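By the numbering used here, the letter at position 133 of the sequence shown is numbered 239, and the numbering carries on one by one without gaps. Each residue gets a CB set at the ideal place from its N, CA and C atoms; glycine is no exception. All of these numbers come straight from a predicted model, not from anything done at the bench.
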Amino acid sequence: MNIFKEQDKNSKNNYTKVQEYLKRRLKKRVLFKVLFSLFFGVIIFTPLDYLNTNTSGRPIDKFRMYLLATIGKLDKRAQFIATESLDFGDSLYNVGLNYIRSVFVNEDILNINISFKNFKKLQIKRDQAVKDGILVRSSDDKVNATIEYKGKSYPVKLRLKGDWTDHLIGDKWSFRVESRKGKSLLGMNELSLQHPRTRNYLNEFIFHNLLKYESLPYLRYKFLPIAINGKHLGVYALEEHFSKELLENSGFREGPIIKISDQNLRGETQRKKIIKYESPINTVDVNNSEILTFNIDKTVQNEAKISQFRLSKNLLDQILKREAKTSEVFDLKLTAKYFALCDLLGAASAQTWHDMRFYFNPISSRLVPIGYDAQPAIRNRNKHLSFDLNVMGLFDDKIFLKEYLKELHRISKTKYLDEFLNEISSDIKKQIAVINKTFPHVNFLKEELYKNQKYIKNRLNPLDPISLSFAEQVKDYEKLKIKLFNKSLFPIQVHSLVYKNKTYYPSLKKSLDPRKKFKRFNYTETEFIHKKSQLLNNNITKENEVIVKYSLDGINNFFTTETTIIPWAESTKSSNRLIAREPNHLSFPSLIIDNSNRLITIKDYFVVKKPLIFPIDYRILIEAGTNISLNNSGMFLVQGPLIIEGTEDKPVYISSEKNAMGILVLNSKFRSNLKNVVFNNLNAPSVASLNITGGLTFYNSPVDISYSRFINSKSEDAINIIRSTFSIKNSYFENSFSDAIDIDFSEGSIENNQFFKIGNDAIDISGSLVTLNKINIDSAIDKAISVGENSNVIGNNLNISRAFIGIASKDLSSIKINNSNINNTEICLAAYQKKSEYGPGSIMLFEKNKICQPFNYILEDGSTINSDSQGLTPNTFNAYKKLYPSEK
107 MNIFKEQDKN SKNNYTKVQE YLKRRLKKRV LFKVLFSLFF GVIIFTPLDY LNTNTSGRPI
167 DKFRMYLLAT IGKLDKRAQF IATESLDFGD SLYNVGLNYI RSVFVNEDIL NINISFKNFK
227 KLQIKRDQAV KDGILVRSSD DKVNATIEYK GKSYPVKLRL KGDWTDHLIG DKWSFRVESR
287 KGKSLLGMNE LSLQHPRTRN YLNEFIFHNL LKYESLPYLR YKFLPIAING KHLGVYALEE
347 HFSKELLENS GFREGPIIKI SDQNLRGETQ RKKIIKYESP INTVDVNNSE ILTFNIDKTV
407 QNEAKISQFR LSKNLLDQIL KREAKTSEVF DLKLTAKYFA LCDLLGAASA QTWHDMRFYF
467 NPISSRLVPI GYDAQPAIRN RNKHLSFDLN VMGLFDDKIF LKEYLKELHR ISKTKYLDEF
527 LNEISSDIKK QIAVINKTFP HVNFLKEELY KNQKYIKNRL NPLDPISLSF AEQVKDYEKL
587 KIKLFNKSLF PIQVHSLVYK NKTYYPSLKK SLDPRKKFKR FNYTETEFIH KKSQLLNNNI
647 TKENEVIVKY SLDGINNFFT TETTIIPWAE STKSSNRLIA REPNHLSFPS LIIDNSNRLI
707 TIKDYFVVKK PLIFPIDYRI LIEAGTNISL NNSGMFLVQG PLIIEGTEDK PVYISSEKNA
767 MGILVLNSKF RSNLKNVVFN NLNAPSVASL NITGGLTFYN SPVDISYSRF INSKSEDAIN
827 IIRSTFSIKN SYFENSFSDA IDIDFSEGSI ENNQFFKIGN DAIDISGSLV TLNKINIDSA
887 IDKAISVGEN SNVIGNNLNI SRAFIGIASK DLSSIKINNS NINNTEICLA AYQKKSEYGP
947 GSIMLFEKNK ICQPFNYILE DGSTINSDSQ GLTPNTFNAY KKLYPSEK
């Protein structure tokens, strides 16, 4: 019995041990699951940029670099994606969400069809470029192809593009595309299709939208899926190329687009790679590279374009030779904006000499940078300013540097970036969603822009920038002569200083020149005066201590700094006028000049036999009863407001002889006002390299014109208003050689005006918003009213008689007509498309209109002429060619 009891006891012990073993195993399994879940959660939900810094010395950073290098040896594309994923820093969970969201966004595929022979030609060219490490262009690069997009077919020529082989990795090659047979794609005749990586994805899109936001020339830029011969290649970036369509879309008149050629630089790089010769020294640089123009084939067929290119080339060449200042060659404000925006985005690539592009404005005779290939960094780890790079020595000009600092200060405010990003937020979301279809790891790191802003703010507040010393012995402490030393890289304006509890002010306002890199700073001697009526300053200064109040030149943001001044002790001392726009008003003794009020007055009888160039921001006043005669090459170039104060009894008369060149008002900050003026026989400036078409021209200058007469105009336009706000009222136009009023890229009103015997269009409106009211037009050789290039016009009480075309709307323009009368015209209304980069025209007839009997109209398919009750049926195609068969 004892034996059985012992066996039973042993069985119970064994059972207990088994239970304990199973419990331990269960706990381990649960623990393993918990640990695995935690590990999986960390992997999935932790941002890939966790603990990422801008350093490279920590073990984790070294590990990442080693890991990326290893991946690169296995697959270059995988290395790119891994590097970008770490830079963008999203978690794997968010990457998955990005892809899921992108599925619900529809974007039409752009299909490219290339014959087998042509594709093989491109492939051979691509393989050679990958082997050489650089793509070098030749004359036979282009092949014919067809693009299918949104149900339409576009014949094109295309070639491979890109400097380096990042444009040619794998099967996602970059292309330059040119339209053929006059069929433009998305309003563009030339564009690029490239891997979004080559421009750092969304950042280039942000760059061009920022240029657009600031009214600078910009490239149309978007993302869309691409297929070649039926093979889907994922999302590409579409980038507009350089043509007149770019300029017109940006609101600028056509002019040359030039660059400094990089062709020889490419050739040298290729040669080095072929012979495996590495050298930091290049025999090709900015100083021995040619200046070229885009669209050379069209340029050489037009004498005016050749002339403009030659002038633009000479201007840029003067900059490269340091023979001209930036402010004498470049549009001051727009160029300052451009470089400030590059700094905001960290776009250093947009400032290399061989990547920069320039537009020559044929009206202002100045160059404007066109943003291109900016490649703003995903994370800007090497921050600097455009000023630091000083491409082509542009920042050596004090006038330009002052304007640049002003723009930097403006765009460094948080509110500026908030408002810009808010304005384009919906576009950003859409473009990211399209990108995420192929690249779900990509997002928009807007905090990087705010970091750039913070960097700019810090640079605009340099540390301890001023030192000083006495220039002479202090006598009565009512005046101090001080040597001021600017230790910073920026010009500084000193507003006051406190010494021995007295406040002193400079007797003359003069900025302190910045120190030059790698050179010892110089001093500026300035006299400071104490105002006796002023109470003692509240700042109690120590012995030999000076408190200086200053600002960077051009910026109304004040700083103070404390510094020590060494007491004085004697020491040994150690020592083409229209293009330049240089004022010459002092050579006209009849002018009444008031420099203190920046006013110049003209009265009585005034004869001008050569160009009269007035100084910037001076108000030009012409008194009632004045008679001005422009003879020989006489003209006015006004760089401020023009005020003509004629009266009904004493109007102002302005007339000219055959060779005289009219009046140009340019870049006036203040509004001009012309009243009771008779303009007779005016001609436009006859300067080969400029494109000024008006006998009276206002460019970037607001103006009001009333009770005036324009008689016998000999110019292409009696009045040309460009990029300005305006009003023209109660005026009369007769016997104009060509157009009477030409409005370009402007906004304003034309009211209660009469037109008689007009040699071309009575009113020609392009790219503008205009209201017309009480207009009487009798006898216009071409169009009574012409509306084009994406204009919007409202017309009330229009009376038109004897014109080839009564009202024409073309190229994405719209005109709404009320209470109007049109008769005795060959064609009453016309709506059509003239330029392929635009679209159809629209005319809307509202109430109480009396339109031509019999009613004759021209309506192209796609354009519309509608009334409240019905729409007209299209009755032609290629309307422009039929209307004007002799024009090309």
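task: Could you spell out where the alpha helix (DSSP H) holding F415 opens and where it closes?
output: E409 to L426
message: Using a Cβ-Cβ cutoff of less than 6 angstroms, which residues in the same chain neighbour F142 once the five nearest sequence positions on both sides are dropped?
response: Any reading at F142 must be qualified, since the residue scores a pLDDT of 49, below 50, and its modelled position is unreliable; no value is offered.
message: With a threshold of 6 angstroms on Cβ separation, who are the neighbours of I505 within its own chain once the five nearest residues in sequence on each side are excluded?
response: Around I505: S433.
- request: Consult DSSP for K648 and reduce its assignment to one of helix, strand or coil.
  value: coil
- prompt: Among all the DSSP beta bridges, which residues are the ones paired with G968?
  reply: DSSP, once it has assigned bridges, lists no residue as partnering G968.
query: Roughly how many whole angstroms lie between the Cα atoms of T803 and S778?
result: Cα to Cα, the separation comes out at about 12 angstroms.
- prompt: Is DSSP giving Y611 helix, strand or coil here?
  reply: strand
- prompt: For E360, which residues of its own chain have a beta-carbon under 6 angstroms away from its beta-carbon, when the five flanking residues on both sides are left out?
  reply: Short of 6 angstroms from the beta carbon of E360, and not among the five residues preceding or following it, lie these beta carbons of its own chain, in chain order: K350 and L353.
One or two residues paired with K956 in a DSSP bridge: DSSP, once it has assigned bridges, lists N927 as partnering K956.
- request: On the DSSP bridge assignment, give the partners of L344 in chain order.
  value: L299 and K328
query: Taking the C-alpha atoms as reference points, what is the distance between I364 and H314?
result: 19 angstroms
- prompt: At a cut of 8 angstroms, does the segment 448 to 458 reach the segment 476 to 490 through at least three beta carbon pairs?
  reply: Segments in contact, yes.
message: Only counting the same chain, and skipping five residues up and downstream in sequence, which positions put a Cβ closer than 7 angstroms to that of L641?
response: Here L641 scores only 48 on pLDDT, less than 50, and its place in the model is too uncertain to base an answer on.
query: What is the C-beta distance between S812 and I849, in whole angstroms, given that I count them as a contact (C-beta under 8 angstroms)?
result: About 16 angstroms separates the two Cβ atoms, so there is no contact after all.
- prompt: Considering Q234, what are the terminal residues of the alpha helix (DSSP H) in which it resides?
  reply: Its alpha helix (DSSP H) spans residues F222 to D238.
- request: Would you kindly work out how many angstroms separate the C-alpha atoms of N882 and I891, rounded to a whole number?
  value: 11 angstroms
Distance, N558 Cα to L523 Cα: 11 angstroms
message: Please classify G801 as buried or exposed, where buried requires at least 16 neighbouring CB atoms within 10 angstroms.
response: Burial call: buried.
task: Give the straight-line distance between the Cα atoms of S681 and K587, rounded to the nearest whole angstrom.
output: Per-residue confidence for S681 stands at a pLDDT of 49, beneath the threshold of 50, marking its modelled position as unreliable; the derived number appears in the next sentence. Approximately 18 angstroms, taken between the alpha carbons.
task: Check K987 in the structure and name its three-state DSSP category.
output: helix
Cβ pair E966, F983 closer than 8 angstroms: yes
message: Just to check my reading of the structure: N905 and N879 have Cβ atoms closer than 8 angstroms, yes? What is that Cβ distance to the nearest angstrom?
response: Not a contact, Cβ separation roughly 11 angstroms.
message: Which same chain residues end up closer than 6 angstroms to S99 when comparing Cβ atoms and leaving out the 5 residues on each side of it in sequence?
response: The question about residue 99 has no answer here: the residues shown for the chain are numbered 107 through 994.
Beta-carbon separation (whole angstroms), I572 vs Y656, contact threshold 8 angstroms: Contact annotation, I572 with Y656: C-beta distance approximately 6 angstroms; criterion of less than 8 angstroms satisfied.
query: Taking the alpha carbon of K709 as the point to measure from, which residue in S915, P695 and N701 has its own alpha carbon closest?
result: P695
- request: Could you tell me which of F861, I332, T271 and Q537 sits nearest to E254, measuring between CA atoms?
  value: The shortest CA-to-CA distance from E254 to any of F861, I332, T271 and Q537 is the one to I332.
query: Straight-line CA distance for G844 to R815?
result: Gly is not the amino acid found at residue 844; the sequence shown has Ser there. Going by the C-alpha atoms only, they are around 16 angstroms apart.
field: Identity of the residues DSSP links to N217 by a beta bridge
entry: E254 and A333
- prompt: Does DSSP put D845 in a helix, in a strand, or in coil?
  reply: In the displayed model, D845 falls within a strand according to three-state DSSP.
- prompt: Touch check for the segment 492 to 501 and the segment 321 to 328: three-plus C-beta pairs under 8 angstroms?
  reply: no
- prompt: Looking only at DSSP bridge pairs, what is L263 linked to?
  reply: The residue you asked about is not Leu; residue 263 is Lys in the sequence shown. Per DSSP, N250 and E284.
- prompt: Hey, quick one: how far does the beta strand (DSSP E) through Y605 stretch, first residue to last?
  reply: I598 to Y605
message: Let's test the definition: count the other Cβ atoms within 10 Å of the Cβ of T389 and tell me whether it reaches 16, buried, or not, exposed.
response: exposed
field: Residues near I425 by beta carbon distance below 6 angstroms, same chain, minus five either side
entry: V435 and M498
task: State yes or no: is the C-beta of E895 within less than 8 angstroms of the C-beta of S919?
output: In contact: E895 and S919 (Cβ atoms closer than 8 angstroms).
- prompt: Distance, Cα to Cα, L705 vs G746?
  reply: Between the alpha carbons of L705 and G746 lies a gap of roughly 10 angstroms.
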